[in-house]
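Structure first, commentary second.
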Amino acid sequence: MDNFNGIEPPMDTVGNIRVNNARIMCNNVFVHYSDKRAIDNLSLDIEAQKVTAFIGPSGCGKSTFLRCLNRMNDTIATCSVTGEILLDNQDIYAPEIDVVPLRARIGMVFQKANPFPKSIFDNVAYGPKIHGLAESKSHLENQVEEALRRAGLWEEVKDRLDQPGTGLSGGQQQRLCIARTIAVSPEIILMDEPCSALDPIATAKIEELIEELSEKYTIVIVTHSMQQAARVSHRTAYFHLGRLIEVGATKELFTSPHHKLTENYITGRFG
Amino acid sequence: MTNTPDNAPKSAILSPQDAEARVRASMATRRNRETRFRMWGIAAIALSMCFLVTLFGTIMSKGIPGFFQYYVTLDVTLDRERLDPAGDLSDQSLFDGDARGLVRDALFSTLQVSGRSNRKAAGKLISLGSDERLRDYVRTHPEQLDSEQSLKFALDDDVDSFLRGFISRDTPESDRRINDKAIGFIDQLQEAGLISYEISDYLFFGSASRNAEMAGIKGAFIGSILTLAVCLSLAFPIGIASALYLEEFAPKNRLTEIIEININNLAAVPSVVFGILGLAIFINIFGLPRSIPLIGGMVLALMTLPTIIISSRAAIRAVPPSIRDGALGIGASKMQTTFHHVLPLALPGMLTGTIIGMAQALGETAPLLMIGMVAFIVDIPGSITDPGTVLPVQIFMWADFAERMFIQKTSSAIMVLLAFLVVMNSFAVWLRKKLERRW
Ligand SMILES: Nc1ncnc2c1ncn2[C@@H]1O[C@H](COP(=O)(O)OP(=O)(O)O)[C@@H](O)[C@H]1O
Ligand SMILES: [Mg+2]
């Protein structure tokens, strides 16, 4: 706790909020929608090349906090964020930070698969195109193929790249969105309940994919399924009413929670 | 709760049997209500269909005859000396020539009339536009000079009305617009089979004229197209840019709220007010000339802007926010998100709104009266700065004239206007279908 530099320590978060190789460091983050507090004095490190899961009852601020990490909250006029969120020791909310390159580094996958109403190819190629990542047409094609491969979708769609992305099944659409994110070579991928609309088989595929991706990317996933958090994540953070209650290694948190609220939640007795 | 009967069971929820009985009992009333409602609906639709059929019935029954008129075929000797005294076929030379005399001579020899009063009566049978028609023929067929040709000339509008049976022989001579002598000549021409009933070329290719048989809609039609072109090229880009800015970029504060309310209010402003505005600003302050399609288009653009902005904003709002999130989430800028994703998805809706706005503008009369597009202009406008008029104003003017034939032509012009509208609306539907993504 010596790296707080005199800032008020966050209230009652159980467990070690700091890690050795942090990719993102959040200090004393508050988020308000108009006057309503959605995140209350939260400090947390996101570990590099690991999967961090956010769990908690709905409405507790998981999505809100996740959206702070790539400033997607900027699109909500009433939302205000204070505190520090450091990426490479640079506050991403500093005035000189441009959100466009930031979001290229920190990609996001949403709860509801949202492919563009374009072809599968164009969906994946869009990011490289707007960021000028491809030197030639064939380079772009290779990038699209590799992104689709990493998202585990290539075999299923290689013969119909020119067909609409919205014509795929729900699980395929979500993997297409992951491929679209991967194609811009982000370092960090944020996922907001990516499986909540999917059937168990599609969910299993995505979970497998997350495990593979964690070798290359730093991943933060919000999930309402404790089993899913247990299966895919290395570290889990439990949120309650806008506060970070407890954080720790996933195994430990699920087997021996320290905080009463955490225990109630994971044993299915919250409230 | 207080009026529960004593013998009722403790539970406030009825037993299934009781509930079923009550549901059954209420069915009759419900069915009756439903039937009555359906009847009202059918009656309302039937009534509006009635109005529509009556409307189209009257317009068509009057308008279709207006597409035709009576012509007389005369053998005219195209005497070079008399037609083209200077011999160069210039407008001046043809004008100095005696086209009128040649047509009259042809008519007189066909009817074998002599004497001043007979000639005077016979001369009134054919349209005053006949000499111009002959000059036009010579202009396009100079090789026919010095030969004799069978040419068709329009009959005067009173003769036309007589042939249609609007003027009866039985009315006393002093009460009709056409005298016994003329009727005799008409009979003579009809017996010779020289009178024909044909599609009116004057209606489609003529412009404004005080002579009913020569009046046409070409000038007004072209005026309408020029005016709409100005209106579209101003209102479409400005409207869409405003809608995009207000929806996607503008901060949500008091100022934008006030702007929003005012745009909505503008949509409800009577169109004549825009005409007054145009008169005060474009004509009186900027000193632009009156009666020109440029100003007409500018005034109509002011009038259609709110329609376009409101429907475009609705179209933009209908684009799912998840699409914007998707684009922003991989680092597209606000501008890229708007132009790559939001605009293409909103475009069909925007175009529909625009075309509805254009259709309104096409049928608009009042604001154009204010800026003087009601002037009597014979020349067909060649550009947006030439004086002109538009179809609805032309209809408005014709409806004011007393001649029987103008009544038919008014209905014909209304039919053309309606056809124009139908074409525009079908285009809107087609465009929407084409641009709308099915994925
Ligand atoms: N756009 C918004 N405007 C106002 N309040 C919001 C908005 N989004 C979320 N909230 C509120 O913030 C709180 C946290 O929401 P959220 O982060 O979506 O929770 P979670 O993802 O954990 O279910 C909730 O009380 C919610 O009502
Ligand atoms: Mg959420």
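Top line first, the protein sequences correspond to chains A and B.
Take 9 as the starting number for the first sequence in our numbering and just add one per residue.
Take 133 as the starting number for the second sequence in our numbering and just add one per residue.
Using N, Cα and C, we set each Cβ at its ideal position, and we do this for glycine too.
Mark residue i as exposed unless 16 or more other C-beta atoms lie within 10 angstroms of its C-beta, in which case mark it buried.
| i | result |
| --- | --- |
| residue 402 of chain B | exposed |
| residue 425 of chain B | buried |
| residue 169 of chain B | exposed |
| residue 182 of chain B | exposed |
| residue 359 of chain B | buried |
| residue 148 of chain B | exposed |
| residue 279 of chain A | Interpretation of residue 279 of chain A is limited by its pLDDT of 43, a score under 50 that renders its predicted location unreliable; the figure taken from the coordinates is listed afterwards. Burial call: exposed. |
| residue 264 of chain A | exposed |
| residue 136 of chain A | buried |
| residue 469 of chain B | buried |
| residue 483 of chain B | buried |
| residue 562 of chain B | exposed |
| residue 158 of chain A | buried |
| residue 189 of chain A | buried |
| residue 377 of chain B | exposed |
| residue 288 of chain B | buried |
| residue 329 of chain B | exposed |
Short check: CB of residue i to CB of residue j, under 8 angstroms?
| i | j | result |
| --- | --- | --- |
| residue 186 of chain A | residue 203 of chain A | no |
| residue 52 of chain A | residue 230 of chain A | no |
| residue 35 of chain A | residue 91 of chain A | yes |
| residue 276 of chain B | residue 206 of chain B | no |
| residue 294 of chain B | residue 243 of chain B | no |
| residue 194 of chain B | residue 347 of chain B | no |
| residue 79 of chain A | residue 39 of chain A | no |
| residue 352 of chain B | residue 526 of chain B | yes |
| residue 431 of chain B | residue 499 of chain B | yes |
| residue 261 of chain B | residue 286 of chain B | yes |
| residue 537 of chain B | residue 345 of chain B | yes |
| residue 548 of chain B | residue 529 of chain B | no |
| residue 290 of chain B | residue 271 of chain B | no |
| residue 76 of chain A | residue 37 of chain A | yes |
| residue 180 of chain A | residue 161 of chain A | yes |
Using 7 angstroms as the cut-off, classify the Cβ of residue i as near or not near the heavy atoms of ligand 1, replying yes or no.
| i | result |
| --- | --- |
| residue 230 of chain A | yes |
| residue 257 of chain A | no |
| residue 76 of chain A | no |
| residue 88 of chain A | no |
| residue 34 of chain A | no |
| residue 84 of chain A | yes |
| residue 44 of chain A | yes |
| residue 91 of chain A | no |
| residue 41 of chain A | yes |
| residue 66 of chain A | yes |
Regarding residue i and ligand 2, is the C-beta to nearest heavy atom distance less than 7 angstroms?
| i | result |
| --- | --- |
| residue 457 of chain B | no |
| residue 71 of chain A | yes |
| residue 150 of chain B | no |
| residue 271 of chain A | no |
| residue 201 of chain A | yes |
Could you tell me the distance, in whole angstroms, from the CA atom of residue i to the CA atom of residue j?
| i | j | result |
| --- | --- | --- |
| residue 226 of chain B | residue 512 of chain B | 21 angstroms |
| residue 304 of chain B | residue 278 of chain B | 44 angstroms |
| residue 154 of chain B | residue 179 of chain B | 38 angstroms |
| residue 247 of chain A | residue 131 of chain A | 34 angstroms |
| residue 349 of chain B | residue 198 of chain B | 12 angstroms |
| residue 385 of chain B | residue 392 of chain B | 11 angstroms |
| residue 165 of chain B | residue 174 of chain B | 14 angstroms |
| residue 395 of chain B | residue 487 of chain B | 18 angstroms |
| residue 29 of chain A | residue 59 of chain A | 13 angstroms |
| residue 314 of chain B | residue 249 of chain B | 11 angstroms |
| residue 232 of chain B | residue 263 of chain B | 5 angstroms |
| residue 216 of chain A | residue 206 of chain A | 14 angstroms |
| residue 150 of chain B | residue 276 of chain A | 41 angstroms |
| residue 368 of chain B | residue 438 of chain B | 11 angstroms |
| residue 244 of chain A | residue 223 of chain A | 18 angstroms |
| residue 564 of chain B | residue 357 of chain B | 22 angstroms |
Which of the residues in the region 429–462 of chain B, read from start to end, lie with their CB under 7 angstroms from any CB of chain A?
Cβ contacts with chain A come from 454, 455, 457, 458, 460, 461 and 462.
Select from the region 128–149 of chain A all residues with a C-beta closer than 8 angstroms to any C-beta belonging to chain B, and list them in chain order.
Residues of the region 128–149 of chain A with a C-beta less than 8 angstroms from any C-beta of chain B: 134, 135, 138 and 139, listed in chain order.
At a CB distance below 9 angstroms, what residues from the region 473–499 of chain B approach chain A? Give them in sequence order.
The residues in question are 473, 476 and 477.
Compile a chain-ordered list of the residues in the region 170–188 of chain A whose CB is closer than 9 angstroms to at least one CB of chain B.
Those residues of the region 170–188 of chain A placed with their C-beta closer than 9 angstroms to a C-beta in chain B are 171, 172, 173, 174, 175, 185 and 188, ordered along the chain.
At a CB distance below 8 angstroms, what residues from the region 356–385 of chain B approach chain A? Give them in sequence order.
Residues 383 and 384.
Residues of the region 229–263 of chain A whose Cβ lies closer than 7 angstroms to any Cβ of chain B, in chain order
Of all residues in the region 229–263 of chain A, none comes within less than 7 angstroms of chain B when Cβ atoms are compared.
Residues within the region 188–219 of chain A neighbouring chain B, beta-carbon criterion of under 7 angstroms:
Interface annotation for the region 188–219 of chain A against chain B: 188, 189 and 192, criterion Cβ-Cβ distance under 7 angstroms.
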